[in-house]
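Novice:
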Amino acid sequence: MFSSIFSTGDPKAANFHPVTSAYRPEELYGPLEPEDLQWTCAGGFVSETQTFYQFTEEGLLIMLQVIHASVGVWYPTVQFVVHVYDPKTKERVWSSTNVSNFSATGGKEDKRSCKAKEFTVVHSDAGGSESYTITAQPAKDLQVSVVVTRAADAPGWKLGKGPKGGRSFFGRDPDSPDGYVVHRFWPRTHTSGHIVYKGKAISVDGSGMLVHAIQGMRPNLVACRWNFAHFQSEALGGTSAIMMELTTTRAHGPEGMGSGNVKVNIGSIVVGGKLVAVTGETHLPRVPEKTTERPVVSRATHLEPQKDPETEYQVPTKIEFSWRGPAIVDGAQEVSASLTTDVGTPQAPIGLIQKVDFLGEIPSAIKGVVSYVAGVKPYIYQWANPAKLTLRAKGLLPDGQEEVVVDGWLNNEATFICEP
């Protein structure tokens, strides 16, 4: 690990290899293989998460998450997180529990399921329907009984096919990397069941997404910024637009140490319950972002930033999310989508769920590794708001329309780990 730091080779050789530069536009869609959703439970400095997001039709946001964090030779820490947020009443249910006796189940050949004393997450693909059944009692006053089913015509995806699909590599040699990061998605899911909190049953029936992510390196070395967007709507027979973006630290870039702040953005669009486009874009520092000259656009743009006196970061007051790429279904050549969300100012936020002090939430072992690094002060801003997604997909929209505006709900996050 970290062989590139001590290498005597070309100091200007690339030490970051983004997945978004590894595939042509027509190769961006990589179907998930069964092993892609299996738990690796790797040692070293590796964090692995499986996160289920869903919105009810009324806008209730539910998040269920399993976190497996390894730090060197210490025994891994595993957490089970439950988060329910009502954007209308601002009421929240929040539980983060360190669990015991964790294991990835399903036998040697299939570890897509996992369990602990406090929960079980069971994967099934019987009868041609792929789903997860989540059962948990992380606290005496909290029970979870939820089934998450992948939409039949919205297959799981990663960026690019094959074993390297989805992976961005850190270090000079991508075949022997210092670290990596990978995301795999179910872009549209249907959720049923209940969460019972203090004796009250909360229905979770709705639509959402799944992301299984692995950071194979210390989080403060992987990125200085993250952006995430998750839009869901029942319009047009089921519409979703999701996005994940990281910005590398200055240490990792196209010309070695000091050439970083590379943006890697991946996303997808679902229309009519079908996955119609997968997008991926690399943005190099000091290169203007021009949408007209690129066949694929996938980006999150912070607008009108203001300094938050609490965190000292320049945070957006509005964020624009943009997707464009070749259609992966018959009937259309290109699909694009865009939305702009107003998240307000630090003094008067709009739809802010919480401002998370990252070091206050992560396992203590990782906290000790990250917090000693000078300049690292990670915060996660989380929002949920009604949103309007503008879709352009000639040949896929009803009545021959070329553009429609879809009403739905947006959950988005902006993470600041350190200054760029």
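Counted from 1, the sequence shown has number 186 at position 160 by the working numbering; the numbering is strictly sequential. Beta carbons are placed, not taken as given, at the ideal position from N, Cα and C, and that holds for glycine.
Quick one: what does DSSP say Asp383 is sitting in, helix, strand or coil?
Specialist: Asp383: strand per DSSP, three-state reduction.
Novice: Would you decide whether Gln80 is buried or exposed? Buried here means 16 or more other CB atoms lie within 10 Å of its CB.
Specialist: That one is buried.
Novice: Taking contact to mean 3 or more Cβ pairs, one atom from each stretch, closer than 8 Å, check whether the segment 170 to 179 and the segment 210 to 219 are in contact.
Specialist: The answer is yes - the segment 210 to 219 touches the segment 170 to 179, with three or more Cβ pairs under 8 Å.
Novice: Would you tell me roughly how many angstroms separate the C-alpha atoms of Gly182 and Val297, rounded to the nearest one?
Specialist: Their backbone Cα atoms lie some 15 Å apart in a straight line.
Novice: Taking a contact to mean a Cβ-Cβ separation below 7 Å, would you say His256 touches Met283 in this structure?
Specialist: Not in contact: His256 and Met283 (Cβ atoms no closer than 7 Å).
Novice: I'd like to confirm the pairing. Which residues does DSSP put opposite Ser348 in its beta bridges?
Specialist: Answer is Arg325, Ser364.
Novice: If you run the structure through DSSP and keep just helix, strand and coil, what is Leu58?
Specialist: Coil at Leu58, not helix or strand.
Novice: Given a cut-off of 7 Å on the beta-carbon distance, is the pair Asp368 and Lys344 in contact?
Specialist: Yes, the Cβ-Cβ distance between Asp368 and Lys344 is below 7 Å.
Novice: DSSP three-state call for Thr337: helix, strand or coil?
Specialist: Thr337: coil per DSSP, three-state reduction.
Novice: So is Tyr101 buried or exposed if we call it buried at 16+ other beta carbons inside 10 Å?
Specialist: With fewer than 16 Cβ atoms within 10 Å of its Cβ, Tyr101 is classed as exposed.
Novice: Can you give me the C-alpha to C-alpha distance between Val92 and His238, rounded to a whole angstrom?
Specialist: Cα to Cα, the separation comes out at about 10 Å.
Novice: Classify Asn127 as buried or exposed, calling it buried when 16 or more other Cβ atoms lie within 10 Å of its own Cβ.
Specialist: Result: exposed.
Novice: Decide if the segment 45 to 55 is in contact with the segment 155 to 174; the criterion is three or more beta carbon pairs, one per stretch, under 8 Å apart.
Specialist: With the cut-off at 8 Å, the segment 45 to 55 and the segment 155 to 174 do not touch.
Novice: Within the continuous beta strand (DSSP E) that includes Val290, where are the two ends?
Specialist: Run containing Val290: 289 to 297, per the beta strand (DSSP E) assignment.
Novice: Determine the extent of the alpha helix (DSSP H) in which Val248 is found, giving its start and end residues.
Specialist: Its alpha helix (DSSP H) spans residues 245 to 248.
Novice: In or out: Trp65 buried (at least 16 other Cβ within 10 Å) or exposed?
Specialist: Buried.
Novice: Which residues bound the beta strand (DSSP E) around Gly300?
Specialist: Going by the sequence as given, residue 300 is Lys instead of Gly. 300 to 309 is the span of the beta strand (DSSP E), which, as asked, contains Lys300.
Novice: Can you tell me the Cα-Cα spacing of Asp36 and Pro311, whole angstroms?
Specialist: Asp36 and Pro311: Cα-Cα distance of roughly 20 Å.
Novice: I need the DSSP call for Thr343, collapsed to helix, strand or coil.
Specialist: Residue state, collapsed to three classes: coil.
Novice: On the DSSP bridge list, what partners appear for Val430?
Specialist: Beta-bridge pairing links Val430 to Leu417.
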